[in-house]
Amino acid sequence: MRIVSLNAWGGRLHEPLMPYLVDIDADVLCLQEVVRTLDAESEWLVYRDHGVELLQRANLFEELKAALPAHDAFFSPVARGDLFDGDRRLQSEFGLATFVRRTYPIIGQAVGFIHGEFSADGWGPHPRSRNAHCIRLFDYEHGYPITIAQMHGLRDIEGKGDKPARRHQADALVELIRQVRQDGERLVVCGDFNVLPGSVTFEILGSLGLVDLVTSRGHGDTRTSHYRKEPRFADYMLVTPDIEVINFDPVAEPEVSDHRALLLDLR
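Note that the sequence shown covers residues 707 to 973 in the numbering used here.
Here is the structure:
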C-alpha cells in the first residue's frame, strides 16, 4: 500500500501538482489546504487577508476527483469564506481531501474538528478552525484492516511552539482515531501538523504506539524552496510498530507545493 500526505497549498503550483498526484499512484492520498468553489467561472481565485493576496485554484477538489477516477473522494471543509474573481466575491470552501483507491473498501470513518468549529460565514479569527479525517480500510491482499488519519494542525501567528490549543488538538485527534480504529490494529497518522519535533503532540500520539518517521529517520526538512523561513518542519507521518515500512520519503523533487509530499510504502 502507498500513502501520500501533502499540504497542497491551495493548488498554487497546479501545473506540476496535478500530474504528480496522478503519476505517484497512491492508494491513499491525504491532502490539506484544498479548495472547492461550486459556482466559480474562473480557474483561479484570490484569497485576501489584511493586505495579503494568495492565488487559489478555484476547484482543486473537483479537478483531482476527475483526475483520479479509480479512487473514492472525500472533502471535509473547515470553513466557507470569500475568494475573489476580480471584484466579484465567491463563497468558497477550504479543508481536507482524502482519496482512497476503490480496491480498499472503507469499513469505518469519522470526521471531526480538533480546533474550533465549522464556520459557514467567513474564514474566522486566527488561529482558525482545523479538522481531521480518519478512515478504516481493509487490505484484501494481506487480509487485515488498517486505520489512516490525517489532520491539518492549527496555525498560530506566534509560531509552532506548544500551547494549550495544540495539546487540545492532539487529544481531540486521539479521540477521533479511537472512534474508528479497533484496538491493536495497524495505524498511520499524517498531515501538516504545524508543530516542532519536540512538541507534546508526539507524546500524546505516542499513547497509541505511534512513532514519527520524519524525525526518527533523521529527515531534517519537510519544506521546498518555495518556503524560505526556519524552522523547516511542519509535516509528519507516524506509524505503529506493526507497520512494515518498505520506503519512506519526504519528496524533494518535484516541488508541487511549499511543503514536501510525504510518501510511505508499507505492507
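For every residue, glycine included, the Cβ atom is placed at its ideal position computed from N, Cα and C.
Boundaries of the alpha helix (DSSP H) in which residue i is found, first to last residue
{"i": "Asp729", "result": "His720 to Asp729"}
{"i": "Ser922", "result": "Leu919 to Ser922"}
{"i": "Glu769", "result": "Leu766 to Ala773"}
Start and end residues, beta strand (DSSP E) containing residue i
{"i": "Glu799", "result": "Arg794 to Arg807"}
{"i": "Tyr753", "result": "Trp750 to Asp755"}
{"i": "Met707", "result": "It is not in any beta strand (DSSP E) - Met707 carries neither H nor E in the DSSP assignment."}
{"i": "Ala779", "result": "His777 to Asp791"}
{"i": "Tyr810", "result": "First-last for Tyr810: undefined, no H or E at that position."}
{"i": "Leu944", "result": "Asp941 to Val945"}
{"i": "Arg763", "result": "Val758 to Arg763"}
Those residues which DSSP pairs with residue i across a bridge
{"i": "Pro851", "result": "Phe844"}
{"i": "Gln815", "result": "Ile841"}
{"i": "His965", "result": "Arg929"}
{"i": "Asp971", "result": "Arg708 and Asn953"}
{"i": "His821", "result": "Arg836"}
{"i": "Glu936", "result": "Bridge partners of Glu936: none, in fact."}
{"i": "Leu735", "result": "Val710 and Phe805"}
{"i": "Gln674", "result": "Lying before the first or after the last residue shown, residue 674 is absent from the chain, which here runs from 707 to 973."}
{"i": "Arg742", "result": "Glu799"}
Cβ separation of residue i and residue j, assumed to be a contact under 8 angstroms, to the nearest whole Å
{"i": "Val880", "j": "Leu914", "result": "6 angstroms"}
{"i": "Asn837", "j": "Arg861", "result": "The Cβ separation is near 14 angstroms, so there is no contact."}
{"i": "Leu970", "j": "Ile730", "result": "Not confirmed; about 11 angstroms, so no contact."}
{"i": "Val784", "j": "Phe767", "result": "Not quite, the Cβ-Cβ distance comes to about 13 angstroms (not below 8 angstroms), so this is no contact."}
{"i": "Tyr726", "j": "Pro960", "result": "6 angstroms"}
{"i": "Leu802", "j": "Ser782", "result": "4 angstroms"}
{"i": "Arg934", "j": "Phe954", "result": "The pair is not a contact, with the Cβ atoms about 26 angstroms apart (cut-off 8 angstroms)."}
{"i": "Arg742", "j": "Asn765", "result": "6 angstroms"}
Chain B within 8 angstroms of residue i, Cβ atoms only
{"i": "Arg836", "result": "Absence of chain B from the displayed structure is noted, only one protein chain being present."}
Sufficient close CB pairs (3 or more, under 8 angstroms) joining the stretch 816-836 to the stretch 761-774: Judged by Cβ distances under 8 angstroms, the stretch 816-836 makes no contact with the stretch 761-774, as fewer than three pairs qualify.
Segments of 3+ residues assigned as beta strand (DSSP E) that fall wholly inside the stretch 885-915: Qualifying beta strand (DSSP E) stretches, in chain order: 892-898.
Stretch-stretch touch, CB-based, cutoff 8 angstroms, three pairs: the stretch 830-845 with the stretch 879-898: Touching, yes, given that three or more Cβ pairs across the two stretches are closer than 8 angstroms.
Contact the stretch 931-948 vs the stretch 906-919: 3+ CB pairs below 8 angstroms: Yes: at least three Cβ pairs fall under 8 angstroms.
The stretch 744-756 touching the stretch 777-785, judged by at least three CB pairs closer than 8 angstroms: Taking a cut-off of 8 angstroms on C-beta distances, the stretch 744-756 does not touch the stretch 777-785, as fewer than three cross pairs fall below it.
contact_flag[the stretch 917-934, the stretch 956-968] where n(CB pairs < 8 angstroms) is 3 or more: Touching, per the Cβ criterion.
Inter-stretch contact at 8 angstroms, needing at least 3 Cβ pairs: the stretch 791-810 / the stretch 720-739: Yes, the stretch 791-810 touches the stretch 720-739.
Sufficient close CB pairs (3 or more, under 8 angstroms) joining the stretch 780-796 to the stretch 754-768: Two segments are said to touch when three or more pairs of C-beta atoms, one from each, lie closer than 8 angstroms; by this definition the stretch 780-796 touches the stretch 754-768.
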